[in-house]
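Structure first, then comments.
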Amino acid sequence: MLKKLFAKLREKISPSRAKKPAQTEAAKPVSLAKPSAVTSRGESRPERGGGPSHDGRPYDKYRGQPRDPRDEPYREPRAAGAGDGREARPRRDDYGSRSEDRGGRDFPSRGGGGAARGGARGERERPVIDKTFDHPRTTAIKPAVPVNVPKMDTAFTALGLSDALAFGVQEMGYVAPTPIQAQAIPVVLKGGDVIGSAQTGTGKTAAFALPIIQRLGTHGKLRCLILEPTRELALQVEEAFQKFSKFTDLRVTIVYGGVGYGKQLEDLKSGMDILAATPGRLLDHMEQGNVSLADVDILVLDEVDRMLDMGFLPDVKRIVQKCPKNRQTLFFTATLPPELEQLAGWALNNPLKVEIGRQRSPAETVSHAFYPVVASQKFDLLQLLLDQTDFKSVLIFSRTRMGADRIAHRLESKGHTVGVMHSDRSQRERIEALDGFKSGKFEVLVATDIAARGLDIAGVSHVINYDVPENAEDYVHRIGRTGRAQNTGDAFTLVTEDDVRDARSIERYMGVTVERKKIEGFPYIYSALFDEKALADTVAAAAKPVSRLHRGVRR
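In my numbering, the protein residues as written are 74 to 628.
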């Protein structure tokens, strides 16, 4: 009786075990029952879970079912290495800065988050490494035939620089040194450690490049290493060193991520005097034995505050430890955050500080304006600003990569020529966007904070912060792309209700009050942004603790 009852229950609970129609021999499915170790013909048969199934996939040792390859544990792809045939794992400078994606800590995806949409759990997209692309410059800067350098008597030779350097600087169109150059060049020439700080756009690269070239003299071993936080900065500094040393026999090269290893290996093997590098790719070359830092006499950490912000500190320490202790170390930065003191105390020896301009302040050549607007009207206000502004070229900053792509697509639909620059684009695409913006091919460049530091782009008349930066320092660096070299520029920032506290932080950081502006005729949707009393109450409420513990329960 009980047996019949249990049999009926089993049929109701597990209908798949019910009787099925009879099948022909041809249609009979392959049995997944555990086979015997040896068949009737004497052929060995694999045990369940120990070998491949009929379709070549491994069996699950517990259920005997074919395993879907998508359920296999994710194994990170490795970039093609060089030298000994090993594969090198792309490091942080092969991706982008943390600020571009607050959700994905180390390996950003195209969706802007940690994991790729629709992919296996834990799988992350990686930016493309273009192995067919080595360097944007295809022609040599140095003249094919040596040039007779005339005797020079300029403001640069008065600082102690050679005729060859002064001649190269003059050919580039520079007449007089900037304040940071006038103060830093004599100090660096003496061989001591230096912390140089000046507002962005004041010529910091020449302040350390010119005296370094002077100190190195003639071609020899690799004696100078310059570390940069981003590929674009590394390329810019390498090009500056190439031009400054144009009439010398010094050799300059660069190693950076996102591109192939071919040209980098060739240059390193042929022997270089000066190396500009991003930390990740440099460590790859060091691990593969392609480069040695044993003879480095001068180490430069450029935009060092940005390196700390991007999480490069462990990599930087590893590189510094491979350099000789008896060396000259130079820190150059636009800001001097407190965290820098600890690194300076470890890497520098009695450094001399060279500071130009008031700290935390942007260049006086830039005018600022905040434009309050609700989030749903941000793009409409941006379009109206572009329509009513007489601009030469505009750099628009977005907080995320997806946001940058959306803004660019909508601006293109409105008839603007637009370039896009962020860490999800290949190095070739990033360089094409930047070069197109510099040449005037693109009137607008939409970028994330990857373009906020150090890039020298002549003629940027306006910087627009489509998204308010979360870090006040980033605001100073963003707007530093305009108003450079004594030119004037404008910085517009769109401020929504969610951005009020960040906007106030920017004002406190700079020590100034930024004017709030409204555009006549724009159909604003009413918001507390336009009510000073309501806005003050909102800010005060936001400043209070949002939760508290009461009898062990968070409320």
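Beta carbons: idealized from backbone N, C-alpha and C, even for Gly.
- Runs of the alpha helix (DSSP H) spanning 4 or more residues and lying entirely within the stretch 371-397 occur at 377-382, 386-394, in chain order.
- With 16 or more other Cβ atoms from the protein chains shown falling within 10 Å of its own Cβ, residue 375 counts as buried.
- Counted as a single uninterrupted DSSP element, the stretch harbouring residue 416 is not any beta strand (DSSP E) but the alpha helix (DSSP H) occupying residues 412-420.
- In terms of Cβ geometry, residue 517 and residue 469 form a close pair [threshold 8 Å].
- Beta-carbon to beta-carbon, residue 550 and residue 462 are separated by about 22 Å, too far to satisfy the 8 Å threshold.
- Excluding five sequence positions before and after residue 494, the CB atoms of its chain that fall closer than 7 Å to its own CB belong to 503, 506, 507, 518, 520, 523, 524, given in chain order.
- Shown here, residue 245 sits in coil according to DSSP, grouped into three states, outside any helix or strand.
- The stretch 508-564 contains, as complete beta strand (DSSP E) runs of 3+ residues, the segments 517-520, 535-538 (chain order).
- When only Cα atoms are considered, residue 279 and residue 372 end up about 15 Å apart.
- Shortest Cα-Cα distance from residue 579 to any of 491, 288, 405, 442 involves 442.
- Under DSSP, residue 462 takes part in no beta bridge, so it has no partner.
- In the DSSP assignment, residue 492 falls within the unbroken beta strand (DSSP E) covering 491-494.
- Under the three-pair Cβ rule at 8 Å, the stretch 316-330 does not count as touching the stretch 265-272.
- Using a C-beta cut-off of 8 Å, the stretch 343-354 makes contact with the stretch 303-315, since at least three inter-stretch Cβ pairs fall below that distance.
- Exposed is the label assigned to residue 291, since fewer than 16 other Cβ atoms lie within 10 Å of its Cβ.
- Using a 10 angstroms sphere on the CB of residue 585, the tally of other CB atoms stays under 16, which defines it as exposed.
- Distance between residue 567 and residue 428, taken at the CA atoms: about 32 Å.
- Residue environment: residue 358 is assigned as buried (16 or more neighbouring CB atoms within 10 Å of its CB, all protein chains considered).
- Burial check for residue 221: the Cβ neighbour count within 10 Å stays below 16, so the residue is exposed.
- Judged by beta-carbon spacing, residue 388 lies within the 8 Å limit of residue 356, meaning their Cβ atoms are closer than that value.
- Annotated three-state conformation of residue 208 is coil, per DSSP.
- For residue 268, the pairing in a beta bridge is given by DSSP as 404, 426.
- In the structure shown, residue 446 falls within a coil segment according to DSSP collapsed to helix, strand and coil.
- Collapsing the DSSP output to three states places residue 350 in a strand.
- DSSP, reduced to helix, strand and coil, places residue 439 within a strand of the structure shown.
- The continuous beta strand (DSSP E) containing residue 470 extends over residues 467-470.
- Looking at the DSSP output, residue 325 sits in a beta bridge with 347.
- When secondary structure is reduced to three states using DSSP, residue 332 falls in the strand class.
- Shown here, residue 369 sits in coil according to DSSP, grouped into three states, outside any helix or strand.
- According to the DSSP assignment, residue 253 belongs to the alpha helix (DSSP H) that extends over 252-262.
- For residue 598, no alpha helix (DSSP H) encloses it, and the DSSP letter there is neither H nor E.
- The C-alpha of residue 384 lies about 59 Å from the C-alpha of residue 83.
- Considering only 418, 370, 406, the residue with the shortest C-alpha distance to residue 395 is 370.
- With a contact defined as Cβ atoms closer than 8 Å, residue 455 and residue 327 miss out at about 36 Å.
- Between residue 553 and residue 276, the C-beta gap is not smaller than 8 Å, which leaves the two residues out of contact.
- Apart from the 5 residues on each side of it in sequence, residue 236 sits with its Cβ closer than 8 Å to the Cβ of 222, 223, 224, 225, 230 in its chain, given in chain order.
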